[in-house]
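Visitor: Submitted below is the structure of interest, expressed as structure tokens.
Chains as they are written, first to last, in the working numbering: chain A, 1 to 270; chain Z, 1001 to 1288; chain B, 2001 to 2318.
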């Protein structure tokens, strides 16, 4: 009889505990598979079908409606850019309100941050659906959805960045007799601004990717083009659009990394 | 002799011009994007009251004196949340979809991330290839995966799970790779020196170091995936998203509001829980 | 002219409503209403038809632009929901609706929509039917055998894919909610997706629309089944139709009532004349082998509005 416990270097109790956890885990997986109807046949058939589609995706081709694709892409990037900038502007004061160094009252701080979290829970797509209802189809709804969703994401990030700021600079301003506003303007802003800008740029990158899907519900951008072509199964056009998005996001990634380096580089002392 | 004052003024001027050009560029980009996105201030302002109108329809009609009456009385909480048993079940289903998807995505990411780390990859080509692969997975939004997978795997949670898992592989893979790149290479070199092969080195030299980071990223990703799972239902992949899409289509405003409130509460709770677990994961490792 | 149109509208519900009068295309030239409506925003459903449709709708759009001298903006929606809310938000001026979508638009916009025309089939009728179908190898051949089986609805805002079957089932004493008479019910994300889901055995049965006339083996003269047969996505041999609804009035071309009256009349005249003056453009825009567009009035859709209100009331009875 092999002493399993000694083999793993554990006591018998530890082995039993880990064994139990392992069994529970497997039971959980099996329950889910039954619940969600994940059977080997279904997986097999699905993967077969997937390979068929993948084969049909090559070679990618823009198709007859390529100008729609380009327009959609331009819309997505424009929506992401405009929306992120506006969201950053609105999140800027909100970030201050959500940070412990500015709002010292513990209860107020906690509630404000929970409000941010709450609205963050609403996915961009849900906002988009609501805005399409309100202002009609088209990229305007998408822009508003991006603003609504990003504001709270950025507000939380800004607040955390402000909280992580070096307290010595604000202290110095207070020591020289500066007002609250001066403390913020000269003590917090100079060190925090580069971080905020970097976070905004990162938000722009991810907004571009998520703007692509807003079109699926009619809120403008390239999502509609993809959804259409999937519905009529023009797979090589679908792969073309995906590649186009990939290239665009990579380009924006690259540009924003450059801008970020310049901004952070500028802020550091020479 | 360096004229400090003049140098300072020159630097200030340079900085000012840089800020001004940056600002002008930003303004130009804003104008162009506003035009393309049809987001003129006039339409934004015109649209705002309509948005307010729509959002106000979502707010339930709750009357204080009958707040705790039964589900048939208008104005009570029960009347507003009359389908709460269905919704809670769907929320649970959604969280399980997100959990399974995150698990699969993590496994995929673990397999792909190490060749995508510059310090670990056997050669430059492998590094480049795996990095691009991960980017490809990450770039396509999960909804697009879901739209495609619904065709082959049919409607239902399976397509949603696989879609989110694919996207998660890319997203987590990149983060894992970056964590691996920041790892201390000495254990790696030590193991290499005694003749361990590549997978063994990864498993014993790198993984123990990056495990706390990995756990933290996985938990964070789970939060995001719960949010994603709530909307994956829009394209027929199950969960509360499908119900939400239905009631939005039917314009049952009160129900839309109720479901959104439930989603927000659920996601907040999961966020809170995940934050606690994350701090424990990081501090726990430091404790040992 | 006005009296003639009124009489036509009155006869609209009868199958013999042939436009026996020569309706001419309105004369080209900018109108007075262009001041109030500088762009015509037309709502279009994407993806329900061929992708070429977007290209073929182009000629239709250009003709309208030439005749009326104003640009036409096509706003593509993923489903009827978007179009309905666009009407309510006054974001769209004219769109093709299903009967159910029209009724919803009317409810959501507080009556700010007006139906103009409907498609007339080759046999003169202006209606279609909803059908309940299963796989021919499913062993289900009647509605009784559907007890406890799974059913897929097509689209929440579809008359044939949701509203009418449910209303008629209720009339037969069958509660269409999930778990009552049927087992699992759900939406598959569109008419086409529903057929595919049933064929893939994900649901035992589905509902969709078809003209109900013509050869069943080729998917009838017009409708979702015909479109899928033409696209080689469906072989009617694999499918069995186990129930047909009573005739459903075709969905109307809908115009927003708050647009200038002259605009609405111009649209009506344009669409009444199009099938005769430009038959190719008509064929590319209308989905299938329809014959003509004939006028229709709001009262014809009152039953749908009542059904929708009934649905909302019944939803609470759990």
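The beta-carbon is built from N, C-alpha and C at its ideal position, and this holds for glycine as well. These figures come from a predicted structure and were not determined experimentally.
With distance defined between alpha-carbon atoms, name the residue in B:2232, B:2150, B:2251, B:2123 nearest to residue 2157 of chain B.
Guide: Along the third chain, read from residue 1 onward, the residue named residue 2157 of chain B stands at position 157. Out of B:2232, B:2150, B:2251, B:2123, B:2251 has the C-alpha closest to the C-alpha of residue 2157 of chain B.
Visitor: Roughly how many angstroms separate the alpha carbons of residue 2259 of chain B and residue 2117 of chain B, rounded to a whole number?
Guide: Locating residue 2259 of chain B in the third chain gives position 259, counting from the first residue. Locating residue 2117 of chain B in the third chain gives position 117, counting from the first residue. Looking at the two C-alpha atoms, the distance is approximately 17 Å.
Visitor: So, at 6 Å on beta carbons, what are the nonlocal neighbours of residue 1070 of chain Z in its own chain, with the 5 sequence-adjacent residues on each side left out?
Guide: To locate residue 1070 of chain Z, count along the second chain from 1; it is residue 70. Only 1078 meet the Cβ criterion.
Visitor: Any C-beta of chain B within less than 9 Å: which residues of the stretch 125 to 149 of chain A qualify?
Guide: Cβ contacts with chain B come from 129, 132, 133, 134, 135, 136, 137, 138.
Visitor: Does any residue of chain Z bring its CB to less than 9 Å from the CB of residue 104 of chain A?
Guide: As a working note, residue 104 of chain A is residue 104 in the first chain. Not one chain Z Cβ lies under 9 Å of residue 104 of chain A.
Visitor: According to DSSP, is residue 53 of chain A part of a helix, a strand, or is it coil?
Guide: Here the question's residue 53 of chain A lines up with position 53 in the first chain. Looking at residue 53 of chain A - three-state DSSP - the assignment turns out to be helix.
Visitor: Below 8 Å, how does it come out for the stretch 2028 to 2047 of chain B and the stretch 2085 to 2101 of chain B: are there three or more Cβ pairs, yes or no?
Guide: Touching, per the Cβ criterion.
Visitor: If you measure between the beta carbons of residue 2245 of chain B and residue 2129 of chain B, is that distance less than 9 Å?
Guide: What you label residue 2245 of chain B is simply residue 245 of the third chain in a count that begins at 1. What you label residue 2129 of chain B is simply residue 129 of the third chain in a count that begins at 1. Yes.
Visitor: Indicate whether at least one CB of chain B lies closer than 9 Å to the CB of residue 1092 of chain Z.
Guide: Taking the first residue of the second chain as position 1, residue 1092 of chain Z is located at position 92. Residue 1092 of chain Z does not count as touching chain B.
Visitor: I need the straight-line Cα distance from residue 1074 of chain Z to residue 249 of chain A, nearest angstrom please.
Guide: Residue numbering aside, residue 1074 of chain Z sits at position 74 when the second chain is read from its first letter. Residue numbering aside, residue 249 of chain A sits at position 249 when the first chain is read from its first letter. About 50 Å.
Visitor: Distance check for residue 1247 of chain Z and residue 2211 of chain B, CA to CA, integer angstroms please.
Guide: Taking the third chain and counting its residues from 1, the one referred to as residue 2211 of chain B is at position 211. Taking the second chain and counting its residues from 1, the one referred to as residue 1247 of chain Z is at position 247. Taking the straight line from one Cα to the other gives about 29 Å.
Visitor: Taking its Cβ as the centre, do 16 or more other Cβ atoms sit within 10 Å of residue 114 of chain A, making it buried, or is it exposed?
Guide: Here the question's residue 114 of chain A lines up with position 114 in the first chain. So residue 114 of chain A counts as exposed.
Visitor: Using the Cβ count rule (16 or more neighbours within 10 Å means buried), how would you classify residue 1056 of chain Z?
Guide: Position 56 of the second chain, counted from the first residue, corresponds to residue 1056 of chain Z. Its Cβ having fewer than 16 others within 10 Å, residue 1056 of chain Z is exposed.
Visitor: In the DSSP assignment, find the unbroken beta strand (DSSP E) run with residue 2183 of chain B in it and report its ends.
Guide: Residue mapping note: residue 2183 of chain B aligns to position 183 of the third chain, counting from 1. Premise fails: residue 2183 of chain B is in no beta strand (DSSP E) and is neither H nor E.
Visitor: At the 9 Å Cβ level, is residue 1039 of chain Z part of the contact set with chain A, yes or no?
Guide: If you number the second chain from 1, residue 1039 of chain Z lands on position 39. Chain A, which has a Cβ nearer than 9 Å to the Cβ of residue 1039 of chain Z, makes this yes.
Visitor: I'd like the list of long-range same chain contacts for residue 94 of chain A, defined as Cβ closer than 6 Å, with 5 residues on each side in sequence excluded.
Guide: In the first chain, counting from the first residue as 1, residue 94 of chain A sits at position 94. Contacts found: 155.
Visitor: What three-state label does DSSP hand residue 2120 of chain B in the structure shown?
Guide: As a working note, residue 2120 of chain B is residue 120 in the third chain. Residue 2120 of chain B: strand per DSSP, three-state reduction.
Visitor: Take residue 2140 of chain B and list the residues in its own chain whose beta-carbon comes closer than 8 Å to its own, dropping the five residues that flank it on each side.
Guide: By one-based count along the third chain, residue 2140 of chain B stands at place 140. Closer than 8 Å at the Cβ level, and outside the excluded window around residue 2140 of chain B, lie 2134, 2146, 2149, 2204, 2205, 2240, 2242.
Visitor: Out of A:245, A:261, A:15, A:236, which has the shortest C-alpha to C-alpha gap to residue 60 of chain A?
Guide: To locate residue 60 of chain A, count along the first chain from 1; it is residue 60. Nearest option by C-alpha distance: A:236.
Visitor: Run through chain A and tell me which residues come within less than 9 Å of residue 2075 of chain B, C-beta to C-beta.
Guide: The residue you call residue 2075 of chain B lines up with position 75 of the third chain. Within 9 Å Cβ-Cβ: 136, 137, 138, 218.
Visitor: Label residue 1182 of chain Z either buried or exposed according to how many other C-beta atoms from any shown protein chain fall within 10 Å of its C-beta, with 16 as the threshold for buried.
Guide: For the purposes of this step, residue 1182 of chain Z is taken as residue 182 along the second chain, with counting starting at 1. Exposed, since its Cβ has fewer than 16 Cβ neighbours within 10 Å.
Visitor: In chain order, what residues of the same chain lie with their CB nearer than 6 Å to the CB of residue 158 of chain A, ignoring the 5 residues before and after it?
Guide: Numbered from its first residue, the first chain carries residue 158 of chain A at position 158. The answer, listed in chain order, is 91, 95, 196.
Visitor: Go ahead and label residue 2334 of chain B buried or exposed: buried means 16 or more other beta carbons lie within 10 angstroms of its beta carbon, across all protein chains shown.
Guide: Beyond the ends of chain B as shown, which are 2001 and 2318, falls residue 2334 of chain B; an answer cannot be given.
Visitor: Given this structure, state the Cα-to-Cα distance separating residue 1106 of chain Z from residue 1163 of chain Z, to the nearest angstrom.
Guide: Working through the second chain from its first residue, we reach residue 1106 of chain Z at position 106. Working through the second chain from its first residue, we reach residue 1163 of chain Z at position 163. Whole-angstrom Cα-Cα distance: 13 Å.
Visitor: By the 10 Å Cβ neighbour count, where 16 or more other Cβ atoms means buried, how is residue 89 of chain A classified, buried or exposed?
Guide: Taking the first residue of the first chain as 1, we reach residue 89 of chain A at position 89. Burial call: exposed.
Visitor: Roughly how many whole angstroms lie between the Cα atoms of residue 1261 of chain Z and residue 1085 of chain Z?
Guide: Your numbering for residue 1261 of chain Z matches position 261 in the second chain. Your numbering for residue 1085 of chain Z matches position 85 in the second chain. If I take the Cα positions, the gap works out to 14 Å.
Visitor: Please identify the residue among B:2314, B:2300, B:2306 whose C-alpha is closest to the C-alpha of residue 2114 of chain B.
Guide: Against the third chain, residue 2114 of chain B aligns to sequence position 114. Selected option, being the one with the closest Cα: B:2300.
Visitor: Please classify residue 2245 of chain B: does DSSP put it in a helix, a strand, or coil?
Guide: By one-based count along the third chain, residue 2245 of chain B stands at place 245. DSSP places residue 2245 of chain B in coil when its eight states are reduced to three.
Visitor: How many Å lie between residue 43 of chain A and residue 1053 of chain Z at the Cα?
Guide: Walking along the first chain from the start, residue 43 of chain A turns up at place 43. Walking along the second chain from the start, residue 1053 of chain Z turns up at place 53. Residue 43 of chain A and residue 1053 of chain Z: Cα-Cα distance of roughly 45 Å.
Visitor: State buried or exposed for residue 2215 of chain B, treating a residue as buried only when at least 16 other CB atoms are found within 10 Å of its CB.
Guide: Reading the third chain from its first residue, position 215 is the one you call residue 2215 of chain B. Residue 2215 of chain B is exposed by the Cβ-count criterion.
Visitor: Report the neighbours of residue 2085 of chain B on chain A: residues whose CB is nearer than 7 Å to its CB, in chain order.
Guide: As a first step, residue 2085 of chain B is located in the third chain; it is residue number 85 there, counting from the start. 132, 133, listed in chain order.
Visitor: For residue 1175 of chain Z, which residues in chain A fall below 8 Å Cβ to Cβ?
Guide: Start at 1 with the first residue of the second chain, and residue 1175 of chain Z comes out as number 175. Near residue 1175 of chain Z there are no residues of chain A at all, since even the closest Cβ is about 13 Å away, more than 8 Å.
Visitor: From residue 2219 of chain B to residue 57 of chain A, what does the alpha carbon distance come to, in whole angstroms?
Guide: Residue 2219 of chain B sits at position 219 when you count from the first residue of the third chain. Residue 57 of chain A sits at position 57 when you count from the first residue of the first chain. The alpha-carbon atoms of residue 2219 of chain B and residue 57 of chain A are separated by roughly 30 Å.
Visitor: Using the C-alpha atoms, what's the distance from residue 144 of chain A back to residue 87 of chain A?
Guide: The residue given as residue 87 of chain A occupies position 87 in the first chain. The residue given as residue 144 of chain A occupies position 144 in the first chain. Rounded to the nearest angstrom, the two C-alpha atoms are 9 Å apart.
Visitor: Which residue wins for smallest C-alpha separation from residue 1190 of chain Z, given the options Z:1274, Z:1205, Z:1179?
Guide: Within the second chain, numbered from 1, the residue matching residue 1190 of chain Z stands at position 190. Residue 1190 of chain Z has its Cα closest to that of Z:1205, out of Z:1274, Z:1205, Z:1179.
Visitor: Need the endpoints of the beta strand (DSSP E) that residue 2293 of chain B sits in, please.
Guide: Your numbering for residue 2293 of chain B matches position 293 in the third chain. Taken as a continuous stretch (DSSP letters only), the beta strand (DSSP E) holding residue 2293 of chain B covers 2292 to 2295.
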